[in-house]
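There are 2 protein chains.
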Amino acid sequence: MKKSTKSVPRGTGTRIRILTAAEHLFTARGFAGVTMREVARQAQTNVASAHYHFGSKEGLVIEMLRHRIAPINAERLRLLEEAKRQSGGKPLKPINIFKALLLPIGQAATGSKGPDPSFMQLVGRSFTEPASFLEKVHRRLFRELSDTFMVELKLSHPKAQEEDLFWNLHFVVATMLGALANHRRLAPFSGGLCKDKDVAEMIQRLIVFATGGFASSIRNIETNSNQ
Amino acid sequence: MKKSTKSVPRGTGTRIRILTAAEHLFTARGFAGVTMREVARQAQTNVASAHYHFGSKEGLVIEMLRHRIAPINAERLRLLEEAKRQSGGKPLKPINIFKALLLPIGQAATGSKGPDPSFMQLVGRSFTEPASFLEKVHRRLFRELSDTFMVELKLSHPKAQEEDLFWNLHFVVATMLGALANHRRLAPFSGGLCKDKDVAEMIQRLIVFATGGFASSIRNIETNSNQ
DNA sequence: CTTCTTTTTAAACGATCGTTTAATAAAAGG
DNA sequence: CCTTTTATTAAACGATCGTTTAAAAAGAAG
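Residue numbers (my numbering), protein chains in the order written: chain A, 483 to 709; chain B, 483 to 709.
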């Protein structure tokens with residue numbers, strides 16, 4: 483309990499200290515399970531200061547997510563642009579589209595002090611928490627990303643139905659979020675055979691799985707429609 | 483608000499009324515977001531009665547999950563046994579293993595009054611809520627299921643490494659949980675193209691996606707190891 | 001320095017939380 | 001009938017929640 487104060491570096495601005503403390507606490511216990519007083523204490527300030535900087539608990543949650551997710555999405559769009567440049571105008575291979583989608587989340591979870599799998603839980607959980615205000619945040623943060631990636635998927639699958647592409651992109655995202663949120667459960671269920679610390683390995687396996695599932699579904703649909 | 487009292491049928495035992503009210507409320511707002519007073523009010527009783535029957539809020543959550551998940555897992559094991567009987571001693575085809583895993587959750591979400599997609603959220607969310615007592619419940623509810631399905635996967639993939647089978651079964655489950663928990667977000671992101679009411683269609687698509695992802699990953703690994 | 005804005009703080013607000021107590025009502029067993 | 005167990009209820013307990021108030025401290029600008 484006392485050790486947690488060391489996790490927030492001193493000397494930084496109060497605003498950043500609050501964001502950092504909030505991220506760690508929300509990761510461990512969820513949004514509803516953390517109080518403003520705990521955040522303030524771990525950030526070495528008080529509750530009024532947190533309200534001064536973020537207006538409300540909702541405002542703190544929203545800003546914490548935006549602060550973390552926005553750079554990840556920017557990196558996703560950057561990787562997609564890079565892939566388009568290297569393909570020279572031709573449609574992208576699906577695996578490269580999914581690499582652009584999935585690699586940045588792994589980079590974000592691999593901090594300077596080694597992998598931080600717990601952060602991945604936070605992102606996954608932010609999609610399953612029932613708080614309605616989170617839906618607005620997600621629409622704002624992921625609308626552009628979703629549209630951009632759908633454009634590339636359509637170019638890569640000109641004969642596929644748009645509805646099928648949506649469904650299977652949804653499954654790819656669901657796989658990523660489900661894998662992120664439930665990451666810790668793999669080790670105990672596999673009897674320790676699979677280590678939950680190796681984030682990079684998981685992302686690599688995830689890319690293969692998602693690409694295969696997507697390809698299989700689209701191929702399956704096209705086969706059926708030809709019968 | 484007043485309408486919600488009608489959702490719990492009168493005349494039933496108090497215990498069942500509390501379980502039903504808890505399920506509906508926890509589905510809508512999560513475990514931490516619902517109070518015992520709300521559950522009691524919707525069940526047309528009082529908080530002391532809920533504590534009398536379930537001991538605590540944790541006890542209520544645990545019993546509600548067990549009450550819902552246990553029949554689903556029993557049906558999964560039944561379908562797996564049925565598939566084994568029909569295969570006549572030969573290893574099962576992976577798609578039949580995953581059908582046994584995924585079909586029952588769709589049946590459970592399709593109640594007498596039509597599909598109930600919101601129930602699927604509850605199951606998905608129970609895996610991402612940070613409450614530590616949920617992990618014990620999950621281990622108790624899913625340990626046998628996990629082991630039984632792993633046995634069949636090993637029989638179906640005698641040359642595959644156990645670690646790879648664990649990872650990809652984990653991804654299949656993650657896809658299912660992620661798709662369940664984030665089901666509602668598909669319709670708005672697809673601009674209404676994909677309806678979130680059609681649970682059966684989603685399960686069918688999910689089976690294809692999961693089977694394809696699993697097969698692709700295992701095949702990919704075997705190919706690499708032959709190089 | 002003075003003036004004005006920004007930031008931090010201790011203390012309190014009203015509301016609501018999970019849980020318990022103790023009394024009463026209903027049901028069951030003999 | 002009486003006794004014993006099971007079930008329900010109103011009321012209260014102590015704790016803690018998100019938020020606000022009002023005053024002091026720290027910086028910025030002149």
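Glycine included, every Cβ here is placed at the ideal spot set by N, Cα and C. Note that the structure is predicted; figures quoted are calculated from it, not measured.
**Request:** Note the first and the last residue of the continuous alpha helix (DSSP H) segment covering residue 589(A).
**Result:** 576-591
**Prompt:** Between the beta-carbon of residue 584(B) and the beta-carbon of residue 689(B), is there less than 8 Å?
**Reply:** yes
**Request:** Using the Cα positions of residue 492(B) and residue 531(B), report the straight-line distance between them to the nearest angstrom.
**Result:** Here the model assigns residue 492(B) a pLDDT of 47, short of 50, so the residue's position is not dependable, and the following value carries that caveat. In a straight line, the C-alpha of residue 492(B) is about 16 Å away from that of residue 531(B).
**Message:** Can you check whether the C-beta of residue 468(B) is within less than 8 Å of a C-beta belonging to chain A?
**Reply:** The structure shown does not extend to residue 468(B), since chain B is modelled only from 483 to 709, so the question has no answer here.
**Request:** With 7 Å as the limit, tell me which residues of the segment 504-529 of chain A have their beta carbon closer than that to any beta carbon of chain B; keep them in chain order.
**Result:** 510, 511, 512, 514 and 515
**Request:** Let me know if residue 708(B) comes out buried or exposed under the rule of 16 or more other beta-carbons within 10 Å of its beta-carbon.
**Result:** The predicted position of residue 708(B) is uncertain, since its pLDDT is 45 and thus under 50; a value taken from the coordinates is nonetheless stated next. By the neighbour-count rule (16 or more Cβ atoms within 10 Å), residue 708(B) is not buried but exposed.
**Message:** Counting only beta-carbon separations shorter than 8 Å, does residue 708(A) have a partner in chain B?
**Reply:** Note that residue 708(A) scores a pLDDT of 45, beneath 50, so its modelled location is shaky and nothing firm can be said.
**Message:** So, does the segment 676-696 of chain B touch the segment 644-661 of chain B, judging by three or more C-beta pairs under 8 Å?
**Reply:** yes
**Nearest residue (CA-CA) to residue 618(B), options 670(A), 696(A) and 541(A)** = For residue 618(B), the closest C-alpha among the options 670(A), 696(A) and 541(A) is that of 670(A).
**Item:** Collapsed DSSP secondary structure at residue 639(B) in the structure displayed
**Value:** coil
**Item:** Three-state secondary structure assigned by DSSP to residue 629(A)
**Value:** Looking at residue 629(A) - three-state DSSP - the assignment turns out to be helix.
**N- and C-terminal bounds of the alpha helix (DSSP H) containing residue 553(B)** = Here the alpha helix (DSSP H) through residue 553(B) covers 539-569.
**Asked** In chain B, what lies closer than 8 Å to residue 675(A) by C-beta?
**Response** Close to residue 675(A), with beta-carbon spacing below 8 Å, are these residues of chain B in chain order: 644, 645 and 648.
**Message:** Tell me whether the segment 509-520 of chain A and the segment 544-560 of chain A touch, counting them as touching only if at least three CB pairs, one residue from each stretch, are closer than 8 Å.
**Reply:** no
**Request:** Give, in chain order, every residue of the segment 604-617 of chain A whose Cβ lies closer than 8 Å to some Cβ of chain B.
**Result:** 606, 607, 609, 610, 611, 612, 613 and 617
**Request:** Consult DSSP for residue 645(B) and reduce its assignment to one of helix, strand or coil.
**Result:** helix
**Prompt:** So, helix, strand or coil for residue 675(B), using DSSP?
**Reply:** coil
**Request:** Grab the span of the alpha helix (DSSP H) containing residue 535(B) for me, first residue to last.
**Result:** 529-536
**Message:** I need the boundaries of the alpha helix (DSSP H) containing residue 502(B), first residue and last residue.
**Reply:** 496-511
**Asked** Which bits of chain A does residue 428(B) rub up against, with CB to CB less than 8 Å?
**Response** Any answer about residue 428(B) is impossible in this case: the structure gives chain B only from 483 up to 709.
**Asked** At a CB-CB cut-off below 8 Å, which residues of chain B make contact with residue 668(A)?
**Response** 648, 649 and 652
**Message:** Residues in the same chain with beta-carbon distance under 6 Å from residue 484(B), minus the five sequence neighbours each way, listed in chain order, please.
**Reply:** Any reading at residue 484(B) is ruled out, since the residue's pLDDT is 32, under 50, leaving its predicted position unreliable.
**Prompt:** With residue 605(A) and residue 551(A) assumed to form a contact (beta carbons below 8 Å), what rounded beta-carbon distance in angstroms separates them?
**Reply:** 7 Å
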